[in-house]
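Colleague: Numbering follows the UniProt record's numbering, in which position 36 of the sequence shown is assigned residue number 36; successive positions increment by one, without gaps. Before I ask anything, let me first share the structure, which is written out below as C-alpha cells.
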Amino acid sequence: IEKIQIKDYIKNPKENGYRSLHLIVMVTVYFSDHKCDVPVEIQLRTIAMEFWAALEHQLRYKKNRNRMEGLQKQLKQCAELITAADCKMQQLADQWL
1 IEKIQIKDYI KNPKENGYRS LHLIVMVTVY FSDHKCDVPV EIQLRTIAME
51 FWAALEHQLR YKKNRNRMEG LQKQLKQCAE LITAADCKMQ QLADQWL
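Spelled out as C-alpha cells, the structure:
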C-alpha cells in the first residue's frame, strides 16, 4: 500500500462543518493473469460524524435544493455540536480510562 494523499478535514473542516481524515492510497489488486494498482479512499471519522455525513448526504441529494441555505446553517451547527461532544468524550476517556 502506497500513500498518495491525505485530506485532513479535522484540522481544516469543510465549510459545512464536516470533519474527517481521508487517506488516498494505492493498493495492488491481483488477478489470475495480471495485477493492477487501484486508488482507494479511506475515510476515518467518529460514529457521530458518520451519522451527520449520512444524513447530510440524504438531505442534500434527495430533497428540495431551494431550501439549502437554512439547512446548511443548521447542519453546520450540528457538526459543531458533534465536534464539541467528541472532544468532551475523548477528555473523559483520557481522564477515567
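Just so you know, even glycine gets a beta-carbon here, dropped at the ideal spot from N, CA and C. What you are looking at is a predicted structure, and each value in this text was computed from that prediction instead of being measured.
(1) Hey, how far is the Cα of residue 19 from the Cα of residue 95?
(2) Would residue 26 and residue 2 be called neighbours here (beta carbons separated by less than 9 angstroms)?
(3) Taking the beta strand (DSSP E) that residue 115 falls in, what are its first and last residues?
(4) Output the distance between the C-alpha atoms of residue 6 and residue 22, rounded to the nearest integer angstrom.
(5) On the three-state DSSP scale, how would you describe residue 37?
Modeller: The relevant details are as follows:
(1) 24 angstroms
(2) yes
(3) Limits of the chain in this structure are 1 at one end and 97 at the other, which puts residue 115 out of reach.
(4) 6 angstroms
(5) strand
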